[in-house]
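Colleague:
In UniProt numbering, the protein residues as written are 1 to 806.
1) Check each candidate in 478, 438 and 347 and name the one with the smallest Cα separation from residue 337.
2) Output needed for residue 732: all residues of its chain with C-beta closer than 7 Å, excluding positions within five of it in sequence on either side, in chain order.
3) Got a sec, what are the start and stop residues for the beta strand (DSSP E) residue 752 sits in?
4) In its own chain, which residues sit with a C-beta less than 8 Å from the C-beta of residue 668, not counting the 5 before and 5 after it?
5) Does the separation of the CB atoms of residue 718 and residue 633 fall below 9 Å?
6) Note the first and the last residue of the continuous alpha helix (DSSP H) segment covering residue 114.
7) In the DSSP assignment, what are the bridge partners of residue 451?
8) Indicate the three-state DSSP secondary structure (helix, strand or coil) for residue 239 in the structure shown.
9) In the DSSP assignment, find the unbroken alpha helix (DSSP H) run with residue 80 in it and report its ends.
10) Considering only residues of the same chain and omitting the five flanking positions on each side of residue 493, which have a CB-CB separation below 7 Å?
11) Going by C-alpha to C-alpha distance, which of 184, 215 and 64 sits closest to residue 691?
12) DSSP puts residue 722 in a beta bridge; with which residues?
13) Only counting the same chain, and skipping five residues up and downstream in sequence, which positions put a Cβ closer than 6 Å to that of residue 390?
14) Residue 398 by DSSP, collapsed to three states: which one?
15) Is DSSP giving residue 660 helix, strand or coil here?
16) In three-state terms, what does DSSP make of residue 38?
17) Out of curiosity, what's the CA-to-CA distance linking residue 410 and residue 241?
18) Do residue 503 and residue 524 have their C-beta atoms within less than 9 Å of each other?
19) If you drop the 5 nearest sequence neighbours on each side, which residues of the same chain put their C-beta closer than 7 Å to that of residue 131?
20) Mind the definition here: the segment 221 to 238 touches the segment 69 to 86 only if three or more C-beta pairs lie below 8 Å; say whether that holds.
21) May I ask you to verify whether the segment 118 to 128 touches the segment 355 to 364, counting CB pairs closer than 8 Å and requiring at least 3?
22) Among the candidates 467, 288, 484 and 148, whose CA atom is the shortest distance from the CA of residue 182?
23) Count the other CB atoms within 10 Å of the CB of residue 205; is the residue buried (16 or more) or exposed (fewer)?
24) From residue 217 to residue 307, what does the alpha carbon distance come to, in whole angstroms?
25) With 16 as the cutoff for other CB atoms within 10 Å, does residue 256 come out buried or exposed?
26) Buried or exposed: where does residue 452 fall if 16 or more other Cβ atoms within 10 Å of its Cβ makes it buried?
27) How about residue 674 and residue 693: do their beta carbons lie closer than 9 Å?
28) If we call anything under 9 Å between Cβ atoms a contact, is residue 269 one with residue 144?
29) Bridge partners for residue 730 per DSSP, in chain order?
30) Start and end of the beta strand (DSSP E) containing residue 643?
31) Could you check whether residue 111 and residue 374 sit closer than 9 Å to each other, using their CB atoms as the reference points?
32) On the criterion of 16 or more Cβ atoms from any shown chain inside 10 Å, does residue 187 qualify as buried, or is it exposed?
33) Expressed to the nearest angstrom, what Euclidean distance is found between the alpha-carbon atoms of residue 787 and residue 593?
34) How many Å lie between residue 326 and residue 567 at the Cα?
35) Mind checking residue 344: buried by the 16 CB within 10 Å criterion, or exposed?
Right, dumping it as structure tokens:
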């Protein structure tokens, strides 16, 4: 009997080229990577030291928590404003430099200048990620999701990662890469929340004595959750969508109080970004402080609402199927590309050359992107530029009614003019290069063009289909490169092109409809639905995606069609593979615990209620309530376990029973303080370390600890010195009996955010221990396979092993 986890998905072994169960170089890399990842306890250790510390803390209201949420929102909103201003300014400057060359059809000079500027940006962007802050590559979102699930990942929340990721993202988007700033801003929001809530920085050597009560795992994760939500809210100006996005796809632990505080944080972040954006454009003050224009506050503002017919459901379902298929294809191709990328780069032994190769690959992607952006429009002729019927901004026109500013949409087309008729209608003889409008304006401005209503023939089938194929392939290659890049704008944009393509086909069949019953046949409407469909096909988001689409378009009229497309796309995409972020976490060997483990035998799902905790547990090494310094030092020197069950003997002649757990880090701290050592004639020490002294987030200096352990484990005098562990052990450690349901064991482990789960027998003797890696779906599969082969140790054998190791 064999078991396979997520039968239609990519697994970690395959990702690192593990075949036929042979121990390959990929397997060693995987084990090495997993060894660097540790779990986190959601709740603090319920020790005597912790309870004494709590008793000394004054009762406080939640005003400081609300203040911190507001402060996080303000800072995240400021940085969201800055990243948009940087991108818009650099994009504008870059294309203004080549305006005259484009107008004179000098594509070679245009290509050289745009490529030169882009390469300068991308070399800095990828260099920041490759050499300065590797944890910021490519978006940091899978790492944030993993951390909030309980996985400790090094360096993802330090200030180097923040600034490296922030500027890398701004430069990558400005250089012309097919990417966006959304996912990096989620990561940036999480980093800001982590730093502000703790009021300290190890990199800057800052440790301020404020808000110290938030320096625990539970509060820290709550603030990071709020910061991540604020990141997406401030970029999209979608506070409700940001809240739901984190609830649906990012956070593991959630409660109604956290929902209120996160919503407040999102509100402040969106408000801050909007206030600043209303006042500045390209860092130039516009004089509209606090005046919120609809076309600025709603980033993809759709002005014209359309009456919807029930017949619109038919093309919407078709678009949902196309979005699900194309989204799952994107996930499949991107994971394959990242596997190949990982395999190639890991084959380079020299670290500098490996990082340099990543920078060169990113530069190659930019060369291809710029070549496509500059030269593809050359093969498309100019067409009349349809302008929406109502005037957007009269100030764009001079007193004679002629528009004089050159627009990148015109590209190499003859210059034209536009004027305002007495009834307010814009009349124009401007021309449009359709491919240029789609490829050059591939960010926010490009999406606005796709969503325009009443422009049925603005983009033709050839331009849409060509740009869809090119944008899909290049954005798939870009995702995962050595630059801090996001996929939200590419997903919205690719889906918008797909939807507009479907709309153009409908117009070609039924023609341009002017009556109210056929007005829904509009390519702009289907561009919105296509964006939602493809977005869901890649990420499998539903509720949050629907709300985000309404908030960023202001098109509440089409919400039912968006919901239908999203549900169909999610269903179709889930049939083929996992969501993108889940696949990326598997590829990065992040042991993420899903809401429910899925183990499949052949084509049938295995019911874990039929198995028990003892089927996946591993042997544990127990220590006594009062243990010698010598034994503890030898234990830490010879094992790599991070948690140990503590046992004691109730009466002479009785078996040792389980009392609690203690972590490796706690033992390090105790061994580093010889004032807690006891001689044989003392039962209790007069000196007890306080909870802040015992609780540290960072592991002590490794070299110092090694010297200390070597000294204690080789000097015989430490065999007669003891440590009383009673004040420091977690007496509320969760346990399950050996025959406890495996399904319910998984639920308990994930819901309580545990790091260690001790397994006991009916006499309360510790017979095993379960960690995150043991309860992970892929490990459950292997254990159940061994169980079928009869290779698992019995409960009695495990007890013998535990006694032997003592």
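Virtual Cβ for every residue (Gly too), placed ideally from N, Cα, C.
Modeller: On the basis of the data shown:
1) Taking only the C-alpha atoms, the option nearest residue 337 is 478.
2) 46
3) Counting along the chain, residue 752 falls outside any beta strand (DSSP E), and DSSP gives it neither H nor E.
4) 636, 699, 700 and 705
5) Yes; because the gap between Cβ atoms is below 9 Å, this pair is in contact.
6) 107 to 127
7) Bridge partners of residue 451: none, in fact.
8) helix
9) 63 to 97
10) Contacts found: 442, 446, 447 and 471.
11) 215
12) Partner(s): 628 and 678.
13) Residue placement at residue 390 is flagged as unreliable, the pLDDT there being 45, under the threshold of 50; the coordinate-derived value follows with that caveat. Closer than 6 Å at Cβ, skipping near neighbours: no residue.
14) With a pLDDT of only 43 at residue 398, under 50, the local geometry of the prediction cannot be trusted, and the value read off the model is given with reservation. Coil, per DSSP.
15) strand
16) Strand.
17) C-alpha separation (whole angstroms): 35 Å.
18) Less than 9 Å separates the beta-carbon of residue 503 from that of residue 524.
19) Counting only Cβ-Cβ distances below 7 Å, and skipping sequence neighbours, we find 355.
20) yes
21) yes
22) Residue 182 has its Cα closest to that of 484, out of 467, 288, 484 and 148.
23) Exposed, because fewer than 16 other Cβ atoms sit within 10 Å of the Cβ of residue 205.
24) 50 Å
25) exposed
26) buried
27) Result no, Cβ atoms of residue 674 and residue 693 do not sit closer than 9 Å.
28) Cβ atoms of residue 269 and residue 144: not closer than 9 Å.
29) 661
30) 643 to 648
31) yes
32) buried
33) 22 Å
34) 15 Å
35) exposed
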